[in-house]
Amino acid sequence: MKRFATLFNALDATTRTGEKTAALAAYFRDAPHPDRVWTVALLSGRRPKRAVNATELRQWAAEAAGIPLWLFEDSYAVAGDLAETIARLLPEAANSQPPSLDATLRALIALTGRPPAERRAHVTATWAALGADERFLFNKLLTGGFRMGVSQGLMTRALAQVTGVEASVMAHRLMGDWDPAHTSFAALTEEGGSDGAARPYPFALASPLEALPDSLGPPEDWLAEWKWDGIRGQIIARAGTFAVWSRGEDLITDRFPEFAPLQDHLPPGTVIDGEIVAWGGTAPLPFADLQKRIGRKTVPKRLLAEAPAHILAYDLLEDAGQDLRDAPLSQRRARLEAILAALPPGLPLSPSPMVPGNWVARAALRSGARAQMAEGLMLKRLSSPYHAGRKRGDWWKWKLDPYAVDAVMVYAQAGHGRRANLYTDFTFALRDGTDLVPFTKAYSGLTDAEFAEITRWVGKNTQERFGPVRRVVPELVFEIGFEGIQASPRHKSGIALRFPRMLRWRRDKGVADIDTIEALRALLRSKTGGCLPPAPPEGI
Amino acid sequence: MTTGLLTFTDRGIFCPEGGFHIDPWRPVDRALITHGHSDHARWGHGRYLATHAALPVIRHRLGDIAAEGIAYGETRQINGVSVSFHPAGHVPGSAQIRVERRGEVWVVSGDYKVEADGLSEPFAPVRCHTFITECTFGLPLFRWAPQTRLAAQIAAWWQANADEGRTSILAAYGLGKAQRLMTMLPPLGPILTHGAVEDTTRILRDQGYPIPATTRISAGIDAKSHPGALVIAPPSALGTPWAGRFGPASEAFASGWMALRGIRRRRGLGTGFVISDHADWPGLNAAIRETGASRIFATHGYTTPFRRWLEDQGYDAGIVQTEFGGDEADTPEPRPEPLPEPEPGP
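Residue numbers (this note's numbering), protein chains in the order written: chain A, 24 to 563; chain B, 3 to 348.
Laid out in structure tokens, this is it:
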């Protein structure tokens with residue numbers, strides 16, 4: 024744990040990518056081998072299951088610290104981080120003898136499902152054996168919310184530096200379903216290492232297009248297609264293997280039984296990148312319909328009928344067992360269409376249609392994206408390879424401007440982590456006659472300086488406290504942007520928004536100027552929108 | 003708000019019988035001032051009373067004021083009320099103020115810390131019936147390491163920077179923290195100061211506080227002229243073009259708030275040294291115990307949980323609202339310091 028804590032502190036002490044890569048590379052050179060494997064696992068989102076829940080942790084920690092639970096909770100509200108709160112509240116260890124990261128994690132895994140008394144004894148004994156830094160990290164491992172400010176791409180580059188394996192090859196090796204408890208560092212990083220016929224490729228990611236597309240050059244150099252509002256998926260059909268992976272590297276094959284027939288029809292050695300959507304026969308259904316299926320391990324018949332899944336394919340990564348990612352998109356796309364054309368009809372897989380035309384024509388089509396159940400357009404350079412991760416320049420998402428309403432802040436709550444002690448999580452209300460109806464929460468879109476200013480304002484304008492939540496004077500007006508809207512019986516307002524965020528603080532407006540809940544209900548009725556003006560584009 | 007020797011008004015703590023306020027925030031006729039920080043020593047009062055040690059800085063900051071000095075431990079009668087000033091250990095010259103009338107004793111702590119820092123007059127507990135205590139860090143999250151360990155940490159950082167050819171820029175409040183840092187660190191290299199820090203430093207040094215030599219940063223003073231230097235500047239100077247003159251530099255902030263990782267990260271600082279001139283949780287509790295007081299008023303900090311904690315411990319506890327009615331838990335950001343003065347051109 025000591026070496027791991029040193030790594031964490033080095034990563035935490037800098038925001039420079041170069042320094043982070045260097046710190047990781049040094050760690051991958053000199054840390055004990057089993058610890059390296061766990062670190063790779065942690066940095067690629069493979070956390071062990073939580074052996075202890077947060078309620079237990081709070082109680083045990085409060086007792087170990089000798090303070091009442093309420094004082095623990097008040098301290099937590101200020102620190103904004105459970106792991107840090109516990110680390111700071113416990114008395115300093117007399118002489119710390121931290122176990123290795125490997126031993127710590129194996130013990131935690133073994134602890135899952137044991138009786139509470141045994142789990143408590145293990146956790147409190149470990150606390151007592153750890154110094155403050157290691158204790159903080161141990162708590163992070165316990166609570167599962169482990170982030171080290173390092174992207175998987177950065178870690179992959181560091182590993183590539185140390186092992187001499189090319190970064191894209193390394194990225195591919197790290198994908199998929201491997202278990203750090205049963206994987207050696209050599210198997211993970213050396214040629215001919217851990218085999219995985221079902222292993223996916225790293226997904227290529229797009230950047231938001233902020234300029235006008237004219238800046239990208241001639242339109243014929245670019246493939247345009249709809250930006251679907253579904254789940255990004257990779258379909259792998261290799262000899263004896265069929266797998267569907269989500270972008271979050273979850274194996275989701277079993278969630279979508281309707282894809283199973285594909286394995287009989289796709290040529291062996293085919294890997295397709297596409298969007299999983301709920302299918303209405305000729306066009307996707309709203310994301311809300313697909314959402315009903317997400318998170319379900321088994322899908323009831325009724326849902327299979329109501330919201331059948333379908334893949335809109337847009338790229339081909341492997342063809343007849345050959346890695347095709349370095350071929351230009353134009354070639355990959357042609358091969359993709361040839362493969363799809365050869366499939367029998369009725370399969371839940373079809374090419375994502377291309378959107379033709381010059382920039383003016385595409386802009387016009389894009390403005391009708393919502394009617395297509397799309398969020399805008401994707402623009403991909405026809406000569407580009409399939410990049411691992413986000414590489415600016417070849418893939419752009421050109422989204423529609425969000426819907427927008429002006430709403431007033433009614434509740435404020437302090438954030439967590441970097442935003443601890445700062446009011447950043449707000450609830451907003453719209454007018455309903457003379458009443459204010461809360462209709463959404465949002466916590467992003469403002470600058471740190473604005474959050475700091477609002478925090479001072481909240482301090483002076485609190486009307487009531489409910490634990491960490493403050494009811495505030497309804498006075499501050501914000502423009503709330505969102506991508507979609509759906510009916511929600513669970514909310515008082517009867518609606519739920521998709522991706523709500525603060526577009527700007529409207530200091531020029533007062534509570535008398537906010538929009539009505541009726542405007543949103545009308546939007547919901549019309550479904551395709553048009554009742555509310557979209558937010559004006561940036562920079563006007 | 004309360005009956006007794008001291009009351010709490012919208013101008014601050016007031017003694018009706020004595021006709022004086024303590025650290026008032028709006029202009030009053032007669033003000034007793036615990037120390038020179040701007041939220042305690044404000045402009046516009048008719049008469050000021052502070053320790054001899056605190057007055058030079060207060061005069062420097064407030065200009066031409068009608069002020070009188072008092073020695074630590076000296077008793078003075080004001081309209082039949084006895085007042086005396088006792089070391090608070092917060093910054094050089096800082097005091098707790100003891101108020102007595104017919105055997106009833108109140109102590110107003112001002113800001114204080116219990117660990118001796120080698121520069122400020124060390125905190126001296128004063129027995130009283132009612133103690134008005136600050137609680138800036140009144141949660142068990144806050145526990146300071148001993149100064150020797152902190153000094154070693156900061157010295158190691160300075161040395162490592164110097165070895166790599168980087169200037170060390172350390173942000174600290176200009177009155178108290180800055181001079182404490184200069185004094186506690188080993189002489190690893192030159193100490194350069196921002197103008198706002200240097201003025202106060204010079205005044206304190208002239209008073210006889212044992213502060214090492216410093217050089218005010220002006221035209222021509224940079225990393226080349228002073229390699230391996232430690233720059234001490236107000237927090238507002240971090241990340242500004244002013245700090246840019248030192249080329250490759252490592253920036254850090256010395257404050258009790260650096261105990262919270264969220265705050266440190268929000269300020270975009272990799273390095274934060276947890277060093278405070280306020281009492282930590284054990285310090286607050288120990289100081290309160292030593293007063294022997296049965297009634298405690300909490301002010302200036304995490305007042306709500308701290309009061310509840312004191313009630314749990316069997317004290318008669320209350321809260322003194324500060325100027326804005328909110329507690330400082332809402333605004334743990336350091337108070338802004340004046341911006342760097344314009345420097346003469348090259």
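Beta carbons: idealized from backbone N, C-alpha and C, even for Gly. Predicted, not measured: the structure shown is a model, and the values here were computed from it.
Item, Value
"Contained beta strand (DSSP E) runs [length at least 3] in the segment 36-100 of chain B, N- to C-terminal order", "49-53, 69-72, 77-80, 83-89"
"Length-filtered (3 minimum) beta strand (DSSP E) runs lying within the segment 263-333 of chain B", "273-275, 297-303, 318-321"
"Proximity of residue 53(A) and residue 125(A) at Cβ, strictly below 9 Å", "no"
"Residue range of the beta strand (DSSP E) that includes residue 14(B)", "14-17"
"Extent of the continuous alpha helix (DSSP H) to which residue 106(A) belongs", "105-112"
"Nearest-angstrom Cα separation, counted from residue 206(A) out to residue 217(A)", "Here the model assigns residue 217(A) a pLDDT of 45, short of 50, so the residue's position is not dependable and the matter cannot be decided."
"Cβ distance (whole Å) where residue 309(A) is taken to contact residue 396(A) below 8 Å", "7 Å"
"Same chain, Cβ closer than 6 Å to residue 549(A), neighbours up to 5 away in sequence not counted", "none"
"Under 8 Å (Cβ pairs) to chain B, residues found in the segment 146-172 of chain A", "none"
"3 or more residues per run - each beta strand (DSSP E) lying fully within the segment 361-413 of chain A", "372-374, 397-404"
"For residue 23(B): DSSP bridge partner residues", "16(B), 33(B)"
"Other residues of its chain near residue 284(B): CB distance less than 7 Å, five sequence neighbours each side excluded", "145"
"Environment of residue 543(A) [buried if 16+ CB atoms lie within 10 Å]", "buried"
"Proximity below 9 Å, CB of residue 370(A) to CB of residue 288(A)", "yes"
"Reference residue 153(A); option with closest CA among 475(A), 175(A), 127(A), 143(A)", "127(A)"
"Exposed unless 16 or more other CB atoms sit within 10 angstroms - verdict on residue 351(B)", "No information on residue 351(B) is available, as it lies outside the stretch 3 to 348 that chain B covers here."
"Contacting residues, own chain, Cβ-Cβ under 8 Å from residue 32(A) (five flanking each side not counted)", "156"
"Residues in the segment 314-325 of chain B having any Cβ partner in chain A nearer than 9 Å", "314"
"Beta-carbon proximity of residue 298(B) to residue 135(B), cut-off 9 Å", "yes"
"Distance CB(residue 46(B))-CB(residue 29(B)) smaller than 9 Å", "yes"
"Where residue 265(B) meets chain A, residues with beta-carbon distance less than 8 Å", "443, 444"
"Whole-number beta carbon distance between residue 485(A) and residue 479(A), since they are thought to touch under 8 Å", "Going by Cβ atoms, the distance from residue 479(A) to residue 485(A) rounds to 12 Å, so no, they are not a contact pair."
"Three-pair Cβ contact test at 8 Å for the segment 432-452 of chain A versus the segment 470-478 of chain A", "yes"
"Cutoff 9 Å: residue 494(A) Cβ touching any chain B Cβ", "no"
"Residue ranges of each beta strand (DSSP E) within the segment 410-485 of chain A, 3 or longer", "418-422, 426-437, 446-455, 458-465"
"First and last residue of the uninterrupted beta strand (DSSP E) at residue 338(A)", "332-342"
"Exposure of residue 380(A), with buried meaning 16 or more beta-carbon neighbours within 10 Å", "exposed"
"Close-in-space but distant-in-sequence residues of the same chain around residue 273(B) (CB under 6 Å, 5 per side omitted)", "254"
"With 16 other Cβ atoms within 10 Å as the buried cut-off, status of residue 85(A)", "buried"
"Chain-ordered neighbours of residue 278(A) on chain B, where CB pairs are closer than 8 Å", "Result: empty, since nearest Cβ-Cβ is about 36 Å, beyond 8 Å."
"Short CB-CB distance (under 9 Å) between residue 104(A) and chain B", "yes"
"Simplified DSSP state of residue 135(A), which is helix, strand or coil", "coil"
"Min CB distance residue 448(A) to chain B below 9 Å", "no"
"DSSP three-state assignment for residue 235(A), whether helix, strand or coil", "coil"
"Under 9 Å between C-beta atoms of residue 190(B) and residue 157(B)", "yes"
"CB contact check: residue 107(A) to chain B, cutoff 9 Å", "yes"
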